[in-house]
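Have a look at the structure below before the remarks.
Chains as they are written, first to last, in this note's numbering: chain A, 5 to 168; chain B, 14 to 226.
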């Protein structure tokens, strides 16, 4: 029984890795920290999984626990100053269909978001993922009005960093 | 055209493959050691409970020795002991009730609140111990001053020399310093619990609670 649960969970997480990686990439500055955070999120997800009843999509359930872990639970080591952008090429799988331009623009975006505080990172993440304000407010545990105000401020800060 | 909207579109439409963990890696990593702050909070809190439990019992022993011959103080000490046990149990129960509520499926703010509430239980216990220690030490000082043979001897000796005031000042001074040291130790433990571990969490909590109350 327990084996089935584990197998089901591992498959779900495997299929939905991408969104967890995005969170890790936003909240960490280097690959070792990225991997550490991914593991911590995986552990938290696995612990919470027995109570997951499919009320929402796995990816939704996962990203919310992921954000909680990144913001509240994960113990960060000292932050590395925004360094060589090319350090991140390790996470890429280069293939024939590879779009370098998009990658470059996104890396600049990641680099900019990393400079925001933990809460703003979460807000921007949910903006990029096109989440409704109802969901954003619920995830953060604040009112929808407050979510809109904070989102506007976060986006303004981001534009400033990106010089848009 | 909003540059951010363009980037959002890039984010949504990005089809570049990214390195992912293998199924095997995932299977292994879910049984890894959690480095979550909650785990550390639990360990440190339990250590704090044990430490202060030991300290109060040690203080009790001293008082009992001095109070051996004085029934009134004996009764007070026994009362304090009983109260102490009850309070300790209440705090431990409260701590675990709060600790059990810490849930990663809560909202971000909700989870922070349960973590803060849990650590406040330990904080309150430490404060209680501070009060208890001060009462205990106050009692001990009072008994020392009035009943201890050595203290009496010194006091009368200095009285005869006409230096009674010096004795009072000296004794009070020493007592004050002793109490101060105790308070500083408590403050250090409080800082350890809140400062080191919950710094970032408190900052994030304040950021999040900004406009909501």
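By construction, the Cβ of each residue, glycine as well, lies at the ideal position given by its N, Cα and C atoms.
Taking only beta-carbon positions, decide if residue i is within less than 8 Å of chain A.
i: residue 32/B; result: yes
i: residue 29/B; result: yes
i: residue 77/B; result: Its pLDDT being 49, under 50, residue 77/B is placed unreliably in this model, and the value from its coordinates should be taken loosely. So no, residue 77/B is outside the interface.
i: residue 128/B; result: yes
i: residue 120/B; result: yes
i: residue 58/B; result: no
i: residue 208/B; result: no
i: residue 40/B; result: yes
i: residue 43/B; result: yes
i: residue 211/B; result: no
i: residue 185/B; result: no
i: residue 125/B; result: yes
i: residue 80/B; result: Its pLDDT being 48, under 50, residue 80/B is placed unreliably in this model, and the value from its coordinates should be taken loosely. Output row for residue 80/B: interface = no.
Please look up how many angstroms separate the CB atoms of residue i and residue j, rounded, as I've assumed it's under 8 Å.
i: residue 13/B; j: residue 89/B; result: Coverage of chain B is limited to positions 14 through 226, which leaves residue 13/B absent and any answer about it impossible.
i: residue 158/A; j: residue 127/A; result: 4 Å
i: residue 22/A; j: residue 31/B; result: 7 Å
i: residue 144/A; j: residue 219/B; result: Contact flag wrong, Cβ pair sits at about 14 Å.
i: residue 47/A; j: residue 47/B; result: 5 Å
i: residue 106/A; j: residue 27/B; result: 6 Å
i: residue 42/A; j: residue 28/A; result: 5 Å
i: residue 29/B; j: residue 102/A; result: 6 Å
i: residue 109/A; j: residue 23/B; result: 5 Å
i: residue 131/B; j: residue 111/B; result: 4 Å
i: residue 18/A; j: residue 36/B; result: 5 Å
i: residue 168/B; j: residue 180/B; result: 5 Å
i: residue 163/A; j: residue 17/B; result: 6 Å
Any C-beta of chain B sitting closer than 8 Å to the C-beta of residue i?
i: residue 32/A; result: no
i: residue 73/A; result: yes
i: residue 101/A; result: yes
i: residue 163/A; result: yes
i: residue 90/A; result: Note on residue 90/A: pLDDT 49, under 50, position unreliable in the model; the coordinate value appears next. No - not a single Cβ of chain B is within 8 Å of the one on residue 90/A.
i: residue 126/A; result: yes
i: residue 18/A; result: yes
i: residue 52/A; result: yes
i: residue 14/A; result: yes
i: residue 156/A; result: no
i: residue 142/A; result: yes
i: residue 69/A; result: yes
Based on the DSSP output, what are the partners of residue i in its beta bridges?
i: residue 96/A; result: 31/B
i: residue 47/B; result: In DSSP, residue 47/B forms no bridge with anything.
i: residue 78/A; result: 49/B
Which bits of chain B does residue i rub up against, with CB to CB less than 7 Å?
i: residue 58/A; result: Chain B residues near residue 58/A: none, gap ~13 Å exceeds 7 Å.
i: residue 122/A; result: 217
i: residue 64/A; result: What residue 64/A touches in chain B: nothing, since even the nearest Cβ is about 11 Å away.
Starting from residue i, find everything on chain A with Cβ-Cβ shorter than 9 Å and list it in chain order.
i: residue 49/B; result: 44, 47, 48, 73, 76, 77, 78 and 79
i: residue 188/B; result: Correct list: empty, because the minimum Cβ distance to chain A is about 42 Å.
Taking residue i as the query, report the chain A residues whose CB atoms sit under 8 Å from its CB, ordered along the chain.
i: residue 23/B; result: 106, 109, 110 and 113
i: residue 36/B; result: 14, 15 and 18
Using a cut-off of 7 Å between C-beta atoms, extract the partners of residue i located in chain A.
i: residue 220/B; result: 121 and 123
i: residue 134/B; result: Neighbours of residue 134/B on chain A: none; closest Cβ ~18 Å, over 7 Å.
i: residue 17/B; result: 159, 162, 163 and 168
i: residue 214/B; result: 76
List, in order along the chain, the chain B residues whose C-beta lies closer than 8 Å to that of residue i?
i: residue 7/A; result: Correct list: empty, because the minimum Cβ distance to chain B is about 11 Å.
i: residue 61/A; result: Within chain B, no residue comes near residue 61/A; the closest Cβ sits about 14 Å away, beyond 8 Å.
i: residue 135/A; result: What residue 135/A touches in chain B: nothing, since even the nearest Cβ is about 12 Å away.
Please list, in chain order, the chain B residues whose beta carbon lies closer than 9 Å to that of residue i.
i: residue 38/A; result: Simply none; closest approach about 10 Å.
i: residue 97/A; result: 29, 30, 31, 32 and 33
i: residue 131/A; result: 17 and 21
For this session: Tell me, please, whether the stretch 60 to 71 of chain A touches the stretch 105 to 123 of chain B by the rule of three or more beta-carbon pairs shorter than 8 Å.
Result: These segments touch.
Exercise. Counting pairs of beta carbons, one from the stretch 106 to 115 of chain A and one from the stretch 135 to 147 of chain A, are three or more of them closer than 8 Å?
Worked result: These segments do not touch.
Exercise. For the 8 Å Cβ check, are there 3 or more pairs between the stretch 92 to 104 of chain B and the stretch 140 to 154 of chain B?
Worked result: yes
Exercise. Is there contact between the stretch 54 to 70 of chain B and the stretch 191 to 211 of chain B, where contact requires at least three CB pairs shorter than 8 Å?
Worked result: yes
Exercise. Between the stretch 74 to 81 of chain A and the stretch 19 to 37 of chain A, do three or more beta carbon pairs fall short of 8 Å?
Worked result: yes
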